[in-house]
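For the record, in the sequence shown the residue sitting at position 59 is 59 according to my numbering, with numbers rising by one throughout.
Glycine included, C-beta positions come from ideal geometry on N, C-alpha and C.
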Amino acid sequence: MPKVHYAKPDGTQVVIDGTVGDSVMVTAVRNGVTGIVGQCGGTLSCATCHVYLAPAEHDLFDPPGEDEDDMLECTASDREDTSRLSCQLELREGMELHVTIPDEQV
Ligand code: FES
1 MPKVHYAKPD GTQVVIDGTV GDSVMVTAVR NGVTGIVGQC GGTLSCATCH
51 VYLAPAEHDL FDPPGEDEDD MLECTASDRE DTSRLSCQLE LREGMELHVT
101 IPDEQV
């Protein structure tokens, strides 16, 4: 079972057991993890699912596609090298991810 550690802006952490095939965004929203909004439902049109992925885990995913890369220019908090839109991060079996939720999403 995949697992996601969410580090919130207030310094607290939440660990959620996820489901293979779900995104990091859906896992957060479904489990009431505040700070990830997911306004567009994962259609790459809002950038309210912005997270910072742990640097060591960045290579677990393909690089952002063109649409995600464009939307990452619209995040409310600064884009960093490890910025991703969490609706594009799909959980796979055995994954244990660590993401940091930015201060602002809108
Ligand atoms: Fe809207 Fe990810 S949920 S871009």
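Given the structure, does residue i come close to the ligand FES, in the sense that its CB is under 6 angstroms from one of the ligand's heavy atoms?
i, result
"Ala47", "yes"
"Cys40", "yes"
"Cys74", "no"
"Leu44", "yes"
Can you tell me the Cα-Cα spacing of residue i and residue j, whole angstroms?
i, j, result
"Thr43", "Ile36", "15 angstroms"
"Thr27", "Gly18", "6 angstroms"
"Met71", "Arg79", "10 angstroms"
"Val33", "Tyr6", "8 angstroms"
"Gly41", "Cys87", "8 angstroms"
"Gln105", "Val99", "14 angstroms"
"Phe61", "Glu90", "8 angstroms"
"Ser83", "Met95", "18 angstroms"
"Arg92", "Val4", "11 angstroms"
"Glu68", "Thr12", "27 angstroms"
"Ala56", "Leu97", "10 angstroms"
"Ser23", "Ala47", "14 angstroms"
"Pro9", "Ile16", "17 angstroms"
"Asp81", "Asn31", "27 angstroms"
If residue i sits next to residue j, beta carbons under 8 angstroms apart, how far is it from one beta carbon to the other, in whole angstroms?
i, j, result
"Pro102", "Tyr52", "7 angstroms"
"Val29", "Gly21", "So it is not a contact: roughly 15 angstroms between Cβ atoms."
"His58", "Ser77", "Not quite, the Cβ-Cβ distance comes to about 18 angstroms (not below 8 angstroms), so this is no contact."
What first and last residue would you give for the beta strand (DSSP E) that runs through residue i?
i, result
"Glu104", "Element bounds for Glu104: n/a, residue is neither H nor E."
"Asp17", "13-17"
Which residue comes first and which comes last in the alpha helix (DSSP H) that contains residue i?
i, result
"Arg30", "24-30"
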